[in-house]
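Chains as they are written, first to last, in this note's numbering: chain A, 530 to 887; chain B, 530 to 887. Ideal Cβ placement from N, Cα and C applies to all residues, glycine included. Owing to the predicted nature of the structure, the values given are computational and were not obtained by experimental measurement. Structure, as structure tokens:
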DNA sequence: TTGTACGCGTTATCAG
DNA sequence: CTGATAACGCGTACAA
């Protein structure tokens, strides 16, 4: 017999003995010979309870290590002090920072966070919405998947009177609060920067056709060109839709070089795409930014350590998560107090971070 | 008045009208003129209920969009179908992949996941343990913070009879299941690889002194040297403990070059440290691997796109999360069935990924 | 100041 | 096969 297994079993036996009993109000009440109601009130600092009994209750509660059973509290108060988050994926620098912000803010206000991933699939998004509704979370935070093109599940949340805040990938037609950046303006700024630096033949590696975010960035790109009297050339726009941003960037860079030898800059929809481009150019010894400049989007950590370092748009991920959560918790609070809710749309500022690649 | 605000308020009014009532067993029962008990049984497919009534109940439940109130279910069954995860941070490639694995596996089995961050602080770790216990999660998954040097909070979990699985950063003395890699062997393999490639003066950028993980990797480094008749030189070991891995790598590389001009390889405790080293060497035009080879640890995505690409130890993050969750859910299930639990210690294999930097 | 009694929505036992 | 009834643990209006 393996020693570690033996050890483990041994431990279980010991544990059975040390097992801590969970104390309830009833336990305290019976030990003290008073009623459950009084104990409850004492613990919640009600005014109509004798100082002495309160002290006794507090002492006993402490001694028995009492903590209220949240399940029972939830059932009574109809609040779970829990919010749900649905995002495409956690394995993503942007989203993990958003989560960081969400958890930090929620925790500060005494809320717990349940995280679910849509994996960019509509049916999973729907499934998870139902899961969260059944779980009776107090509110829901969502960044929509790229494939989401119908919104009954969002309407269901709203019709159930559960506060919903959309962030990042947002649907304008849904009546709820939203937190996002101005993708069009951010893209416009990035491309304008390239133009000001003297680049003229600027390609754009864009995202899928459906998501608003990708169209907005594309529009920003186009507008920047037109506003600076550079004709818009559709053949300079490449679509990255394999959900493999890095390889999309790498492969499209390859294509681009074949099809447009004279291109002098690329605006990529995402840092990952940009890093794919950089990788390819490095392999071919195409000099960045001397031969071709590259600008990314999101300011992933990676963009600051890659060679050359990447000029990119800083997207305040942590702040997006934090703000969305603030609004959500506010709405939850208002709802609880039966006060009217006014939905907000917050647009957080972005900044272009200038680095070596442009 | 701002139009969007007006629009929002309008929407609220509409919502109030569409508000969906939540149906309970009682509703179904009264509509059908039967008892709650029968409805409950019909819905749960108990054998002792008439086919006709069952059909009627099912139909009505469907019509009214009935879903059981999980809060009540939880209170009754004393299960929340929720597990808690405490990790140092979500903003970390390794941990976000672990989370991915955890959520995927939990979801498959119908469990939800609450995530909390210790931010490498012991007091937060303790706080969160209490939060999760109060929340009555069915089980807890933890990767300990670097600062964790006492374990009463872990013992508290166990004494409450809540299944606990430790992963990645593990404490051997705690009687619970564990999922981890063999850090010492992984480090040994990495350094042996350098030696076989002909490198002789190999530095090690290690982690903080406390965490087991960092000591294990250091031991692997030392053993590999000794086993290959290379004397161990303590002055070649640099400590990275600023919690800023990238900068630690960068700065220690600077120091190393000053203090040991003839060093020919570095084994870094983490890819981030390695990338910091690479960055510094790139700036100084020190050739990797010709002048100095670099090996990292973890196989972050970044390591495959940096220039030169980084040789590193692949740590199966997703699998670690998935396996830990599997074991946890198993133990939860066993506990629920009042069957004895045997703790497991799973050691997942790592692989050295050979790239350009060595 | 304290205690009684009920409700939250389910599940489970047991009698009919 | 069906339905009272109790219980889970807590909160609170109301009676004492």
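DSSP three-state assignment for residue 780 of chain A, whether helix, strand or coil: Here residue 780 of chain A is taken as the residue at index 251 of the first chain, counted from 1. The answer is helix: DSSP assigns residue 780 of chain A an H, G or I state.
The region 681 to 691 of chain B / the region 708 to 727 of chain B touching (three or more Cβ pairs under 8 Å): no
Candidates B/592, B/573, B/550, of which the one nearest residue 561 of chain B by Cα: As a first step, residue 561 of chain B is located in the second chain; it is residue number 32 there, counting from the start. Cα-wise, what sits closest to residue 561 of chain B is B/592.
Beta carbon proximity, residue 772 of chain B to chain A, threshold 7 Å: Translated into the one-based positions of the second chain, residue 772 of chain B becomes position 243. Not closer than 7 Å to any Cβ of chain A, the Cβ of residue 772 of chain B fails to qualify, so no.
Start and end residues, beta strand (DSSP E) containing residue 825 of chain B: In the second chain, the residue the question calls residue 825 of chain B occupies position 296. Looking at the DSSP string, the run of the beta strand (DSSP E) that includes residue 825 of chain B is 822 to 827.
Neighbour-count burial assignment, residue 532 of chain B, 16 or more Cβ in a 10 Å radius: Here residue 532 of chain B refers to the residue found at position 3 when the second chain is read from its first residue. In this prediction, residue 532 of chain B scores a pLDDT of 32, lower than 50, which makes its location untrustworthy; no coordinate-derived value is stated.
C-alpha gap between residue 859 of chain B and residue 764 of chain B, whole angstroms: Along the second chain, read from residue 1 onward, the residue named residue 859 of chain B stands at position 330. Along the second chain, read from residue 1 onward, the residue named residue 764 of chain B stands at position 235. Near 47 Å, if we compare the C-alpha coordinates of residue 764 of chain B and residue 859 of chain B.
Below-7 Å beta-carbon distance, residue 646 of chain B vs any chain A residue: Position 117 of the second chain, counting from 1, holds the residue named residue 646 of chain B. True, the Cβ-Cβ gap to chain A drops below 7 Å.
Whole-angstrom C-beta distance between residue 819 of chain B and residue 882 of chain B, which should lie under 8 Å: In the second chain, the residue the question calls residue 882 of chain B occupies position 353. In the second chain, the residue the question calls residue 819 of chain B occupies position 290. Not a contact, Cβ separation roughly 20 Å.
Sequence-distant residues of the same chain with beta carbon closer than 6 Å to residue 801 of chain A, five excluded per side: Counting from 1 along the first chain, the entry for residue 801 of chain A is found at position 272. 774, 775.
Residue 669 of chain B versus B/643, B/652, B/601, B/681, residue with shortest Cα-Cα distance: Taking the second chain and counting its residues from 1, the one referred to as residue 669 of chain B is at position 140. The residue with the shortest Cα to Cα distance from residue 669 of chain B is B/643.
Residue range of the beta strand (DSSP E) that includes residue 645 of chain B: As a first step, residue 645 of chain B must be located in the second chain, where it is residue number 116. First-last of the beta strand (DSSP E) with residue 645 of chain B: 641 to 646.
Residue 696 of chain A - DSSP class collapsed to helix/strand/coil: Sequence index remark: in the first chain, residue 696 of chain A carries index 167 (1-based). Strand.
Helix, strand or coil at residue 846 of chain A [DSSP, three-state]: Along the first chain, read from residue 1 onward, the residue named residue 846 of chain A stands at position 317. Looking at residue 846 of chain A - three-state DSSP - the assignment turns out to be helix.
At least three beta-carbon pairs within less than 8 Å, the region 737 to 747 of chain B to the region 805 to 819 of chain B: no
Straight-line gap, residue 687 of chain B to residue 677 of chain A (C-alpha atoms, nearest Å): For the purposes of this step, residue 687 of chain B is taken as residue 158 along the second chain, with counting starting at 1. For the purposes of this step, residue 677 of chain A is taken as residue 148 along the first chain, with counting starting at 1. Answer to the nearest angstrom: the Cα atoms are 43 Å apart.
Rounded C-alpha distance that separates residue 785 of chain A from residue 631 of chain B: To locate residue 785 of chain A, count along the first chain from 1; it is residue 256. To locate residue 631 of chain B, count along the second chain from 1; it is residue 102. If you take the alpha carbons of residue 785 of chain A and residue 631 of chain B, they lie about 40 Å apart.
Among B/679, B/575, B/830, B/601, nearest to residue 553 of chain B - alpha-carbon criterion: Along the second chain, read from residue 1 onward, the residue named residue 553 of chain B stands at position 24. Looking at the Cα atoms, B/601 is the closest of the given residues.
Beta carbon proximity, residue 675 of chain A to chain B, threshold 7 Å: Looking up residue 675 of chain A in the first chain gives position 146. So, not an interface residue.
is_contact[residue 671 of chain B, chain A] using C-beta, thresh 7 Å: Here residue 671 of chain B refers to the residue found at position 142 when the second chain is read from its first residue. Not closer than 7 Å to any Cβ of chain A, the Cβ of residue 671 of chain B fails to qualify, so no.
Contacts of residue 628 of chain B in chain A (Cβ-Cβ under 7 Å): Your numbering for residue 628 of chain B matches position 99 in the second chain. Those within 7 Å of residue 628 of chain B in chain A are 619.
Coil, strand or helix - residue 680 of chain A by DSSP: Your numbering for residue 680 of chain A matches position 151 in the first chain. DSSP places residue 680 of chain A in coil when its eight states are reduced to three.
Sequence-distant residues of its chain with Cβ nearer than 8 Å to residue 598 of chain A (five each side left out): For the purposes of this step, residue 598 of chain A is taken as residue 69 along the first chain, with counting starting at 1. Around residue 598 of chain A: 551, 553.
Residue 764 of chain B, DSSP secondary structure in three states: Residue 764 of chain B sits at position 235 when you count from the first residue of the second chain. In the structure shown, residue 764 of chain B sits in a helix (DSSP, three-state: H, G or I).
Endpoints, the alpha helix (DSSP H) within which residue 752 of chain B is located: Residue numbering aside, residue 752 of chain B sits at position 223 when the second chain is read from its first letter. Start and end: 741 to 756.
DSSP three-state assignment for residue 874 of chain B, whether helix, strand or coil: Translated into the one-based positions of the second chain, residue 874 of chain B becomes position 345. In the structure shown, residue 874 of chain B sits in a strand (DSSP, three-state: E or B).
Local conformation of residue 831 of chain A per DSSP, three classes: If you number the first chain from 1, residue 831 of chain A lands on position 302. If DSSP states are grouped into helix, strand and coil, residue 831 of chain A belongs with the helices.
Cross-strand partners of residue 709 of chain B (DSSP beta bridge): Stepping through the second chain from its first residue, residue 709 of chain B is reached at position 180. Answer is B/876.
Proximity to residue 700 of chain A [Cα-Cα], best of A/716, A/715, A/679, A/808: Here residue 700 of chain A refers to the residue found at position 171 of the first chain. Residue 700 of chain A has its Cα closest to that of A/679, out of A/716, A/715, A/679, A/808.
Per-residue DSSP class, three states only, for residue 605 of chain A: By 1-based counting over the first chain, the position of residue 605 of chain A is 76. In the structure shown, residue 605 of chain A sits in a helix (DSSP, three-state: H, G or I).
Proximal chain A residues relative to residue 663 of chain B, where beta-carbon distance stays under 7 Å: To locate residue 663 of chain B, count along the second chain from 1; it is residue 134. Simply 596, 599.
Chain A contact for residue 707 of chain B (CB, 7 Å cutoff): Walking along the second chain from the start, residue 707 of chain B turns up at place 178. No - not a single Cβ of chain A is within 7 Å of the one on residue 707 of chain B.
Any C-beta of chain B under 7 Å from that of residue 802 of chain A: For the purposes of this step, residue 802 of chain A is identified with residue 273 of the first chain, where counting begins at 1. Cβ-Cβ to chain B under 7 Å: no for residue 802 of chain A.
C-alpha gap between residue 475 of chain A and residue 715 of chain A, whole angstroms: The requested residue 475 of chain A does not occur in the structure, where chain A is confined to residues 530 to 887.
Cβ contact check for the region 862 to 870 of chain A and the region 832 to 852 of chain A: 3 or more pairs under 8 Å: no
Interface partners of residue 775 of chain B on chain A, CB under 9 Å: Residue numbering aside, residue 775 of chain B sits at position 246 when the second chain is read from its first letter. The answer, in chain order, is 830, 833, 834.
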